[in-house]
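Residue numbers (the numbering used here), protein chains in the order written: chain A, 1 to 301; chain B, 302 to 566.
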């Protein structure tokens, strides 16, 4: 088959052939040619954009029109962020909710992950893995919309809680955002913990029991330390996705997260302020990833 | 087996509750799709199929679906080409900064979407590029590249090199070997990577919200704006329900292609 192609040495084919020979003689050129397009694309479209955004954080605005004046260096946006207490409150709130969502998801994920990894039959296990992953494929906006209807006055939650005499949380509270975000990222926590528990050798649990440890002791001293890297791997998703979110928060509650301030300012308010504030989640995430890498969470991804 | 009977029963109940929690919102959306009233009180009173017809006839919904499909196709094609090129370079050649390539490619999905979105929009506006389908595709392709890259890289690592050497020995040049040997070997990786990238693009709203501009809506964007207009809610319910149903398709394909691709995004 290949012979026909080669033997048919028409003019364009032989030109391709000459190019192939030329490339073969210069092995250093090949990776550069291969990488030029994807990295050129990324450098232009993405890194370039990030740099422009970063520069905007240090640029001044016309006080009347609000237009950004390029290359007019100032630290005013950062001063506004530091001096105004609102921005600090919002930053602390966002980080606390991200931590709370991570903790909640870890607690919810553990029982089902344990059941899948160590108790369910292989067939049930396969079905459960699909069942846990499937909601991830349902559109993000649809899941937020579902929670918006569940949480609204007269909605499903109020109907469920009415017999108990509890009212649905109001839009003024952080609770709706916390519930919805915990829901959205839960599968990202279940899957790594399940994988971690599945890798755990049964012999270790048996040895612990033989040495006289009760179930609770074995869990605390053997299972938990060995599965912790998997929990941290899951936490990278739950924490970072909560930290950067603005849409969920805006649709189910009236509270503001870091993302909402960035979004609101990018459209109507001050772009330099939005740019300066967006450095905060970037710095937090980079620091978080470095800590997680030190603790060995990346091997469990 | 060290778990006691009590632990097993408790774990089974806990698992059932978590599954119920995961599926409850999707089920509620499915029920609301047949709600005759425009008021979203629970429980819905009555049953109707009329909103499905309404949704089918909606021009805005149809245009949004077409935009989503076009954006998905454009972004997936770009991502597959760029991701494959990068994967070939990283897997086949040793060069300075090889590890940085993976890091650079993963950056667009590792950083918050709101940052990516605002960065891209600022650039488009600075360069004077009109926001629309083209800018949506550029944004989607940027974070889809890593999906294609990961899939192709994983395949290349397992693909034996001997058939390629044999092809070269038999007189095929670099391009012929790639077309006839390497590409067929990567085929399923390209399909699953493409599927994943398409699904990611079809679902994306955070970056899209920044790069779409006022005139162009994808289906998630249409949902986003329509859900704050009470008269549109019945159609929103139907579209949301259909999107939940459609999400079974990639899961089905991922199962058929096999365990190589993790279905998690």
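We put the beta carbon where it would ideally sit given N, CA and C, even for glycine. Predicted model only: the values in this text are computed from it and were never measured.
One alpha carbon belongs to residue 327 of chain B, the other to residue 545 of chain B, and they sit about 7 angstroms apart. Listed along the chain, the chain A residues whose CB falls inside 7 angstroms of the CB of residue 400 of chain B amount to none; the nearest CB is some 13 angstroms away.
Burial of residue 114 of chain A is indicated by the presence of at least 16 other C-beta atoms within 10 angstroms of its C-beta. Under the 7 angstroms criterion on CB atoms, residue 476 of chain B is classed as interfacial with respect to chain A. Looking only at A/203, A/92, A/53 and A/245, the smallest Cα-Cα distance to residue 140 of chain A is reached by A/245. The beta carbon of residue 366 of chain B sits no closer than 7 angstroms to any beta carbon of chain A. Judged by DSSP in its simplified three-state form, residue 245 of chain A adopts coil rather than helix or strand. Bounds of the beta strand (DSSP E) holding residue 61 of chain A are 59–61.
Under the criterion of beta carbons closer than 8 angstroms, residue 60 of chain A and residue 69 of chain A qualify as touching, at roughly 5 angstroms. Rounded to the nearest whole angstrom, the C-alpha separation of residue 379 of chain B and residue 39 of chain A is 13 angstroms. In this structure, the alpha-carbon of residue 280 of chain A lies about 41 angstroms from that of residue 127 of chain A. Any Cβ of chain B closer than 7 angstroms to the Cβ of residue 149 of chain A would place that residue at the interface, and such an atom is present.
In the three-state reduction of the DSSP assignment, residue 69 of chain A falls in the strand class, which pools E and B. When C-alpha distances from residue 448 of chain B are compared across B/554, B/355, B/361 and B/403, the shortest belongs to B/403. Beyond the five residues adjoining it in sequence on each side, residue 556 of chain B comes within less than 6 angstroms, by CB distance, of no other residue in the same chain. In the structure shown, residue 394 of chain B adopts coil according to DSSP, grouped into three states.
Here the stretch 352–361 of chain B makes no contact with the stretch 413–427 of chain B; the two share fewer than three CB pairs at distances below 8 angstroms. One thing to note: residue 285 of chain A has its Cβ within 7 angstroms of the Cβ of residue 240 of chain A. The three-state reading of DSSP puts residue 426 of chain B in helix, counting H, G and I together. Taking each of A/94, A/19 and A/56 in turn and checking the Cα distance to residue 426 of chain B, the smallest one comes out for A/56.
In summary, residue 71 of chain A is exposed, with fewer than 16 beta-carbon neighbours lying within 10 Å of its beta-carbon over all protein chains present.
Residue burial annotation: residue 517 of chain B is buried, with at least 16 other C-beta atoms found within 10 angstroms of its C-beta. Within the same chain, and ignoring the five residues on either side of residue 118 of chain A in sequence, the residues whose Cβ sits closer than 7 angstroms to its Cβ are 197. Fewer than three beta-carbon pairs drawn from the stretch 200–211 of chain A and the stretch 171–180 of chain A are found closer than 8 angstroms, and the two stretches are therefore not classed as touching.
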